[in-house]
Amino acid sequence: MSKEITPKSQDFSQWYLDVVLKTELADYGPVKGCMIIRPYGYALWENMQADMDRRFKETGHVNAYFPLFIPKSFLEKEKEHVEGFSPEVAWVTIGGGEELEEPLAIRPTSEAMICTMYAKWVRSWRDLPILINQWCNVVRWEKVTRPFLRTTEFLWQEGHTLHATEEEAEAETLQMLEVYRWFYEEVMAVPVVKGRKSESEKFAGANKTYSVEALMSDGKALQGATSHNLGQNFAIAYDIEFLDQNQQRARPWSTSWGASTRMIGGLIMTHGDDAGLVLPPRIAPYQIVIVPIPPRKGDWNEAVLPACRDTQAALRGASLRVHLDDRDTQQPGFKYADWEMRGVPLRVEIGPKDIEKQQCVMVRRDTREKEFVPILTLPTRARQVLDAMQRDMLERARRFLADNTTRVSTYDQFKEVMAGKRGFLVAGWCRDAACEAAIKEETKATMRGVPLEAEPSPGAFLRCGQPSPGEVYFAQAY
Ligand SMILES: [Zn+2]
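For the sequence shown, position 121 (counting from the first letter as 1) is numbered 452 according to the working numbering, and the numbering increases by one without interruption.
#1: Helix, strand or coil, according to DSSP, for A552 in the structure here?
#2: Check each residue's C-beta against every heavy atom of ligand 1 and list, in chain order, those closer than 6 Å.
#3: Alpha carbon to alpha carbon, how far is P612 from G648?
#4: Heavy atom of ligand 2 less than 7 Å from the Cβ of D349, yes or no?
#5: What residues in its chain sit with their C-beta under 7 Å from that of T736, if we drop five residues either side in the sequence?
#6: Have a look at T483 and S529 and give me their C-alpha separation to the nearest angstrom.
#7: Taking the alpha carbon of E767 as the point to measure from, which residue in G751, Q744, V748, R794 has its own alpha carbon closest?
#8: Kindly indicate which three-state DSSP category R353 falls into: helix, strand or coil?
#9: Starting from H392, follow the alpha helix (DSSP H) in both directions and report where the run begins and ends.
#10: Tell me which same chain residues have a C-beta within less than 8 Å of the C-beta of E532, skipping the five on either side of it?
#11: Counting beta carbon pairs with one atom in the region 672-679 and one in the region 690-700, are three or more of them shorter than 8 Å?
#12: Can you give me the start and stop residues for the alpha helix (DSSP H) that K474 sits inside?
#13: Tell whether a beta-carbon distance below 8 Å holds between G536 and L505.
#14: Contact between the region 611-630 and the region 371-379: three or more CB pairs below 8 Å?
#15: Expressed to the nearest angstrom, what Euclidean distance is found between the alpha-carbon atoms of F416 and L406?
#16: Can you grab the Cα-Cα spacing for the pair S333 / W670, in whole Å?
#17: According to DSSP, simplified to helix, strand and coil, what is S558?
#18: If you check the beta carbons only, do L486 and T642 fall under 8 Å apart?
#19: Give the range of the beta strand (DSSP E) segment to which E432 is assigned.
#20: Quick one: what's got a C-beta closer than 7 Å to P625's C-beta in the same chain, skipping five residues either side?
#21: On the CB-based measure, 16 or more other CB atoms within 10 Å of its CB, does G780 come out buried or exposed?
#22: Need the endpoints of the beta strand (DSSP E) that E484 sits in, please.
#23: From the DSSP output, in three-state form, read off A638 for me.
#24: Applying the 10 Å Cβ sphere with the 16-neighbour rule, what's the burial state of N813?
#25: Going by DSSP in three states, K628 sits in which element: helix, strand or coil?
#26: Are G490 and H392 close, meaning C-beta to C-beta below 8 Å?
#27: Determine whether the beta carbon atoms of L459 and A495 lie at a separation below 8 Å.
#28: Just the Cα atoms here: how many angstroms apart are A769 and F343?
#29: On the premise that P782 lies in contact with V524, defined as a C-beta separation below 8 Å, what is that separation, rounded to the nearest angstrom?
#30: I want to know whether the region 719-732 touches the region 651-671 - three or more CB-CB distances under 8 Å.
#31: Between the beta-carbon of M383 and the beta-carbon of Q465, is there less than 8 Å?
#32: Suppose you measure from the CA of E497 to the CA of M448; what does that come to, to the nearest Å?
#33: Express the C-alpha separation of R712 and P623 in angstroms, rounding to a whole number.
#34: Just list the residues that DSSP pairs Q465 with in beta bridges.
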């Protein structure tokens, strides 16, 4: 069987690739690290975009679009920013058959471009805040790539805001971090830890970087989205000024925040099982698939398809995303396995006997629970089960996160957990960069974040014995 997926327990990374390729979420492109997002994967992305975009707009943001090419001199204005990104930048040096006077970077992120425009647009305190988001692609040259998780070109959104005060910029940074947490937990059913990054892991040019961190089912962490307080660094580098209410020249404060198609990788690795994808109902491209069971004799066009089409219409009428699999080239058994692999939350089977009894069989993807449902009440019942499935998926993932978060009391224990089941390790930390580098060398774990919602708990770090102001999260990460 070409459709077979390697069991998760046997080889996690092969399992991941099998799921991505065989469910037709994505395929490899001709250039290394550039993937094709296929219609099923793109439908998932569109549903994710729609929920996030709605939330961005509810929090006062508007969308715009900025150019793909960034002149080299623009990128070089913020020193830390260019140093951080230059190893990953792709350059265009020839255009229209001629050598360009100035090389153009293909955007790795758009601070340089957007801040240049903000310098032109902002004059007075009345122009602030600026709350702009853009949905686009970016390129960061990668040596080791994996579909969705690390690709040279990827799709994302990047928000770029300007504020009159430092307090407003910090509030914005935290507000958007909370939007990401909401999206991960309420929409993707993926629990996350909100935290602040260390100096070595923060965004190039930022004062503070916050992230949401999720735990994948192989015990490795995934940085889910980031939100940066850029202080006045970019306002100074790009010479953005405004006249405040006292007619004094002032520098604004800026933020940026982003989430990408990497989220799809996180979704697969949180919920998937040996049979393939398990998709949360809120973003599944199809929430329900109807599989008609052909009659033993006679034409299914007369016997079952009309009832299936009526059912599809009734479910659509209840605002459910539903697909009728009326391929006459495949048997029902094949279709069951196929849609199970693709993670469709509910499967509805309708055959001649069911039609006689005015019922159908409904099967839930995550638990495989089966029930008979009267056709008339199917839209209501399907909605109930989809809601329950959404809740249960989050609950299961929360239990996994709790079961795989360990508090350790010695560094030996730290190393032991990292060599074994992994997961999140909660421990004090001295905040020393050299110590952080040594931990990575010795255990492959990195500091994922200083949790925002934790009581301060001063102590000592168990590796070096130096004082620690509070506990942090460590994990091996994607
Ligand atoms: Zn230390």
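Don't be surprised by glycine CBs; every beta carbon is placed ideally from N, CA and C.
Concretely, from the data shown:
#1: In the sequence shown, the residue the question calls residue 552 occupies position 221. A552: strand per DSSP, three-state reduction.
#2: C761, D763, C766, F792, R794, C795, Q797
#3: Taking the first residue of the sequence shown as position 1, residue 612 is located at position 281. Taking the first residue of the sequence shown as position 1, residue 648 is located at position 317. Going from the Cα of P612 to the Cα of G648 covers about 17 Å.
#4: Within the structure as shown, ligand 2 is missing, the only ligands being ligand 1.
#5: Residue mapping note: residue 736 aligns to position 405 of the sequence shown, counting from 1. Same-chain partners within the cutoff: G754, F755, V757.
#6: In the sequence shown, counting from the first residue as 1, residue 483 sits at position 152. In the sequence shown, counting from the first residue as 1, residue 529 sits at position 198. Cα to Cα, T483 sits roughly 25 Å from S529.
#7: For the purposes of this step, residue 767 is identified with residue 436 of the sequence shown, where counting begins at 1. Looking at the Cα atoms, R794 is the closest of the given residues.
#8: Stepping through the sequence shown from its first residue, residue 353 is reached at position 22. Note that residue 353 is Lys in the sequence shown here, rather than Arg. Helix, per DSSP.
#9: Indexing the sequence shown from 1 puts residue 392 at position 61. Careful: H392 lies outside any alpha helix (DSSP H) and carries neither H nor E.
#10: By one-based count along the sequence shown, residue 532 stands at place 201. Around E532: T540, T777, M778.
#11: yes
#12: On the sequence shown, residue 474 is found 143 positions in, with the first residue counted as 1. Note, K474: premise wrong, no alpha helix (DSSP H); not H, not E.
#13: As a first step, residue 536 is located in the sequence shown; it is residue number 205 there, counting from the start. As a first step, residue 505 is located in the sequence shown; it is residue number 174 there, counting from the start. Taking 8 Å as the Cβ cut-off, G536 and L505 do not qualify as a contacting pair.
#14: yes
#15: Here residue 416 corresponds to residue number 85 of the sequence shown, with the count starting at 1. Here residue 406 corresponds to residue number 75 of the sequence shown, with the count starting at 1. If you take the alpha carbons of F416 and L406, they lie about 9 Å apart.
#16: Looking up residue 333 in the sequence shown gives position 2. Looking up residue 670 in the sequence shown gives position 339. Residue placement at S333 is flagged as unreliable, the pLDDT there being 45, under the threshold of 50; the coordinate-derived value follows with that caveat. Answer to the nearest angstrom: the Cα atoms are 15 Å apart.
#17: Numbered from 1 along the sequence shown, position 227 holds the residue referred to as residue 558. The answer is strand: DSSP assigns S558 an E or B state.
#18: Taking the first residue of the sequence shown as 1, we reach residue 486 at position 155. Taking the first residue of the sequence shown as 1, we reach residue 642 at position 311. No, they are not a contact pair.
#19: Here residue 432 refers to the residue found at position 101 when the sequence shown is read from its first residue. Taken as a continuous stretch (DSSP letters only), the beta strand (DSSP E) holding E432 covers 429-437.
#20: Against the sequence shown, residue 625 aligns to sequence position 294. If we look at P625 and ignore the five residues flanking it on each side, its Cβ neighbours are W631, V635.
#21: Residue numbering aside, residue 780 sits at position 449 when the sequence shown is read from its first letter. G780 is buried by the Cβ-count criterion.
#22: Stepping through the sequence shown from its first residue, residue 484 is reached at position 153. Per DSSP, E484 belongs to the beta strand (DSSP E) from 484-494.
#23: Here residue 638 corresponds to residue number 307 of the sequence shown, with the count starting at 1. Residue state, collapsed to three classes: helix.
#24: Because residue 813 is not part of the residues shown, which for the chain are 332 to 809, the question remains open.
#25: Locating residue 628 in the sequence shown gives position 297, counting from the first residue. Coil, per DSSP.
#26: Mapped onto the sequence shown, residue 490 falls at position 159. Mapped onto the sequence shown, residue 392 falls at position 61. Against a cut-off of 8 Å, the Cβ pair of H392 and G490 comes out as a contact.
#27: Your numbering for residue 459 matches position 128 in the sequence shown. Your numbering for residue 495 matches position 164 in the sequence shown. Yes.
#28: Within the sequence shown, residue 769 is the residue found at index 438, counting from 1. Within the sequence shown, residue 343 is the residue found at index 12, counting from 1. Approximately 27 Å, taken between the alpha carbons.
#29: On the sequence shown, residue 524 is found 193 positions in, with the first residue counted as 1. On the sequence shown, residue 782 is found 451 positions in, with the first residue counted as 1. Between P782 and V524 the Cβ distance is about 6 Å, and since that is below 8 Å, they are a contact.
#30: no
#31: On the sequence shown, position 52 is the one that residue 383 refers to. On the sequence shown, position 134 is the one that residue 465 refers to. Result no, Cβ atoms of M383 and Q465 do not sit closer than 8 Å.
#32: Your numbering for residue 497 matches position 166 in the sequence shown. Your numbering for residue 448 matches position 117 in the sequence shown. Between E497 and M448, the C-alpha separation is close to 21 Å.
#33: In the sequence shown, counting from the first residue as 1, residue 623 sits at position 292. In the sequence shown, counting from the first residue as 1, residue 712 sits at position 381. P623 and R712: Cα-Cα distance of roughly 19 Å.
#34: If you number the sequence shown from 1, residue 465 lands on position 134. Q465 is bridged to E489.
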